[in-house]
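Novice: Sharing a structure below in structure tokens format, with a few things to ask.
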Amino acid sequence: MAQKSYDERIAEINKKQEQLKAQEKAIKKRQSEEERKKRTRRLIELGGIVEAVLNRATTDDDKIRFLNFLKKQESNGNFFSKAMNDPAMKEEK
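In the working numbering, the protein residues as written are 440 to 532.
As structure tokens, this is what we get:
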């Protein structure tokens, strides 16, 4: 059996590199899709929690009120951040 030329060996290596890059791109795409789905689920769940606490469906005006409320809590002493980062708050249900 004849030995492959340098050019043939280089061509094989380049082909393998292209295949690996394509695999990497596909894996990164799947990872991005998975992360996006998880984020969407979290956002939907948070919206459900807000509606459960309000005991009614939310409106577009509620989004503005909620945003302003959270900003006010933060400007008054980071109350929202403190509550969200407090391990003891996890235990309450």
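Glycine included, C-beta positions come from ideal geometry on N, C-alpha and C.
1. Beta carbon of F505, beta carbon of Q512: below 7 Å?
2. If I measure Cβ to Cβ from A496 and keep anything under 7 Å in the same chain, skipping five residues before and after, which residues do I get?
3. Pick helix, strand or coil for S444, following the three-state DSSP scheme.
4. Could you spell out the range, first to last residue, of the alpha helix (DSSP H) harbouring R504?
5. Between which two residues does the alpha helix (DSSP H) containing T522 stretch?
Specialist: Once the coordinates are examined:
1. On the sequence shown, position 66 is the one that residue 505 refers to. On the sequence shown, position 73 is the one that residue 512 refers to. It is not a contact, given that the beta carbons lie outside the stated cut-off.
2. As a working note, residue 496 is residue 57 in the sequence shown. Taken in chain order, the residues that qualify are E490.
3. To locate residue 444, count along the sequence shown from 1; it is residue 5. In the structure shown, S444 sits in coil (DSSP, three-state: anything other than H, G, I, E or B).
4. As a position in the sequence shown, residue 504 is number 65, starting the count at 1. Segment 499-514, the alpha helix (DSSP H) holding R504.
5. Position 83 of the sequence shown holds residue 522. Strictly speaking, residue 522 in this sequence is Ala, with Thr absent from that position. Its alpha helix (DSSP H) spans residues 518-524.
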